[in-house]
Amino acid sequence: MVQPWWPLALLAVIQLCDALLCVKPVAFIRQCLTDVRFPERFWKFLPPLKAAAAAGLIVGIWVPPLAVLVSAALVCYFAVAVSAHVRARDFGRNLFLNATAMLVICSATLAFTVQTA
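Numbered per our numbering, the sequence shown spans residues 4 to 120.
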């Protein structure tokens, strides 16, 4: 078991909330996806993907290799998100508050998990 477990649980809660906000994307998420030109036909895959990440993080509390895998996958996901914002020249709130902040949180969780696993 990963000790302390709260960084994984906190990131899981964030991911689950994000999944719920993506079911019928709220305005700021819809605008973010539109700004980076993420095809609308793929929007429906975001909620299950984010919910699966949340579940993987929770199970990862007891299965440390899974916690490392899911944390690394989230780092990759948000690295791609940051690059999508940069490519779209979206240098505002979406880049810095959403994508970059989540990249930092996921990277810190990954570093912590690797260290304690």
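Idealized CB from N, CA, C, for every residue including glycine.
- When the five nearest sequence neighbours on each side are left out, the beta carbons in the same chain lying within less than 6 Å of the beta carbon of A87 are those of V39, in order along the chain.
- Straight-line measurement puts the Cα of C25 at about 18 Å from the Cα of T103.
- CA-to-CA, the gap between C35 and F48 works out to about 16 Å.
- Taking C-alpha positions only, A111 is separated from Q6 by approximately 15 Å.
- Around the Cβ of G95, a 10 Å sphere holds fewer than 16 other Cβ atoms; the residue is exposed.
- It is roughly 15 Å from the alpha-carbon of W65 to the alpha-carbon of L13.
- The C-alpha of L69 is placed about 23 Å away from the C-alpha of L23.
- Under the DSSP assignment, G59 falls in the alpha helix (DSSP H) whose first and last residues are L49 to G63.
- For T119, the CB contacts under 7 Å within the same chain, skipping 5 residues up- and downstream, are V5 and Q6 in chain order.
- Counting other Cβ atoms within 10 Å of its Cβ, T37 stays below 16 and is therefore classed as exposed.
- Closest by C-alpha distance to L52, out of I61, R90, F41 and D21, is D21.
- L100 counts as exposed, since fewer than 16 other beta carbons sit within 10 angstroms of its beta carbon.
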